[in-house]
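Below: the structure, in structure tokens.
There are 2 protein chains.
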Amino acid sequence: MRYYGYEEFVKDLKILCNKISYDYDAILAIARGGLTMAHLMGEFFNERRVFTLNSIGYEESRKREKVEVFNLPDLSNAKKVLIVDDIVDSGDTILKVKAKLQQLYPLLKSDVATLFFKESAKFKPTFFVNYANEWIDFFWTKDIR
Amino acid sequence: MRYYGYEEFVKDLKILCNKISYDYDAILAIARGGLTMAHLMGEFFNERRVFTLNSIGYEESRKREKVEVFNLPDLSNAKKVLIVDDIVDSGDTILKVKAKLQQLYPLLKSDVATLFFKESAKFKPTFFVNYANEWIDFFWTKDIR
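Protein sequences appear in the order of chains A and B. Numbering that gives the first Met the number 0 puts the first residue of the first sequence at 0, with every later residue one more than the last. Numbering that gives the first Met the number 0 puts the first residue of the second sequence at 0, with every later residue one more than the last.
Here's what the structure looks like:
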């Protein structure tokens with residue numbers, strides 16, 4: 000278990016942003032995990048089109064989780080978006096998001112930026128800062144309790 | 000000009016959350032300003048339905064600003080939502096958001112929670128923490144520069 004605090008987050012987010020050559024039409028945050036970073040990234044890149052979609056996982060059985068992706072924004076005028084989330088863990092969420100985008104906007108390009116990446120995941124983000132080797136307690140979860 | 004840092008934000012957000020008797024079907028953040036607080040409020044209230052909409056102001060002339068509200072989530076199953084934003088300044092944004100919700104979902108009830116409220120505004124939030132007497136430099140704007 001690793002507590003991930005605000006100061007560390009700001010430091011890492013600057014590293015993440017500096018890896019990105021920004022040529023996107025919007026930032027697309029996966030809620031809830033990507034909300035805070037998308038907010039600050041919008042400021043960094045001076046991008047007012049910070050959009051979100053919702054992803055909620057439901058336990059289908061003890062071993063299987065179903066991910067529901069909904070509330071996608073209107074991206075009909077976008078050519079390329081930057082999807083942001085806190086972590087790519089199993090990769091299930093991001094693959095579901097990518098599939099949904101592909102279905103609705105077949106020509107839309109997208110890259111993925113995250114703070115953490117678990118190497119065992121089915122998907123590797125285009126940009127990331129840290130490898131996740133343990134459970135991360137993000138400040139947005141812990142500090143408000 | 001007042002710098003509003005993360006520590007102060009967490010303290011105020013706890014005060015704000017404790018004012019609220021939570022009986023909403025979703026948290027609806029106004030992007031970008033309400034994104035970070037909506038994220039932490041979702042954690043506080045254990046609410047996974049943290050939705051967003053976009054509000055972007057365009058200068059129409061030197062004196063007038065036009066506010067565009069778009070990307071509203073699907074609220075057809077919601078009876079009551081909690082709209083959150085960092086500040087009610089002129090009140091124009093929140094009035095536009097309320098009007099748009101009224102038009103799309105005439106039966107939907109909503110309350111409004113903000114960190115700051117400027118007393119000269121045309122709208123007073125249901126819940127707020129501070130009066131805004133000067134320009135606020137929020138940490139999400141400043142810390143990432």
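Don't be surprised by glycine CBs; every beta carbon is placed ideally from N, CA and C. Since the model is a prediction, treat every value here as computed from it, not as a measurement.
Terminal residues of the beta strand (DSSP E) in which residue i lies
i	result
Phe8/A	Here Phe8/A belongs to no beta strand (DSSP E); instead the alpha helix (DSSP H) covers Tyr5 to Lys18.
Phe69/A	Glu64 to Phe69
Glu42/A	From DSSP, Glu42/A is part of no beta strand (DSSP E) but of the alpha helix (DSSP H) over Leu34 to Phe43.
Ala30/A	Ala25 to Ala30
Residue i - containing alpha helix (DSSP H), residue span
i	result
Leu114/B	From DSSP, Leu114/B is part of no alpha helix (DSSP H) but of the beta strand (DSSP E) over Lys108 to Phe116.
Asp91/B	Asp91 to Leu103
Local Cβ density within 10 Å of residue i, reported as buried at 16 or more and exposed below that
i	result
Leu106/B	exposed
Thr125/A	exposed
Leu71/B	buried
Gly41/B	buried
Phe69/A	exposed
Leu103/A	exposed
Asn53/B	buried
Ser109/A	buried
Trp134/A	exposed
Tyr3/B	buried
Tyr5/A	buried
Bridge partner(s) assigned by DSSP for residue i
i	result
Arg1/A	Ile135/A
Tyr130/A	Phe116/A
Phe50/A	Leu27/A
Ile86/B	Phe115/B
Tyr57/B	Lys65/B
Thr74/A	The sequence given here places Leu at residue 74/A; Thr does not occur at that position. Per DSSP, none; premise fails for Leu74/A.
Lys79/B	Lys108/B
Does the stretch 72-88 of chain A come close enough to the stretch 94-102 of chain B to have 3 or more Cβ pairs within less than 8 Å?
The answer is no - the stretch 94-102 of chain B does not touch the stretch 72-88 of chain A, with fewer than three Cβ pairs under 8 Å.
Going along the stretch 51-85 of chain A in order, which residues come within less than 8 Å of chain B, judged by CB to CB distance?
Within the stretch 51-85 of chain A, the residues whose Cβ lies closer than 8 Å to some Cβ of chain B are Thr51, Asn53, Ile55, Phe69, Asn70, Pro72 and Asp73, listed in chain order.
Give the residues from the stretch 24-50 of chain A that approach chain B closer than 8 Å (Cβ to any Cβ), ordered along the chain.
Of all residues in the stretch 24-50 of chain A, Ala28, Ala30, Arg31, Leu34, Thr35, Ala37, His38, Leu39, Met40, Gly41, Glu42, Phe43, Arg47, Arg48, Val49 and Phe50 have a Cβ within less than 8 Å of some Cβ in chain B.
Counting pairs of beta carbons, one from the stretch 60-72 of chain A and one from the stretch 29-47 of chain B, are three or more of them closer than 8 Å?
Fewer than three pairs of CB atoms, one per stretch, sit closer than 8 Å, so the stretch 60-72 of chain A makes no contact with the stretch 29-47 of chain B.
Check distances from the C-beta atoms of the stretch 9-20 of chain B to those of chain A and list, in chain order, the residues that come in under 8 Å.
Within the stretch 9-20 of chain B, the residues whose Cβ lies closer than 8 Å to any Cβ of chain A are, in chain order, Val9, Leu12, Lys13 and Cys16.
Do the stretch 20-40 of chain A and the stretch 29-43 of chain B meet, that is, are 3 or more Cβ pairs less than 8 Å apart?
Yes, they touch.
Identify each residue in the stretch 115-140 of chain A for which the Cβ-Cβ distance to at least one residue of chain B is less than 7 Å, and report them in chain order.
Within the stretch 115-140 of chain A, those residues whose Cβ lies closer than 7 Å to any Cβ of chain B are, in chain order, Trp139 and Thr140.
Say whether the stretch 13-29 of chain A touches the stretch 49-57 of chain A, bearing in mind that this needs 3 or more beta-carbon pairs closer than 8 Å, one atom from each stretch.
Touching, yes, given that three or more Cβ pairs across the two stretches are closer than 8 Å.
If you pair each beta-carbon of the stretch 8-19 of chain B with each one of the stretch 6-19 of chain A, do three or more pairs fall below 8 Å?
No contact exists between the stretch 8-19 of chain B and the stretch 6-19 of chain A.
Can you pull out the residues from the stretch 89-103 of chain B whose beta carbon lies closer than 8 Å to at least one beta carbon of chain A?
Answer in chain order: no residues at all.
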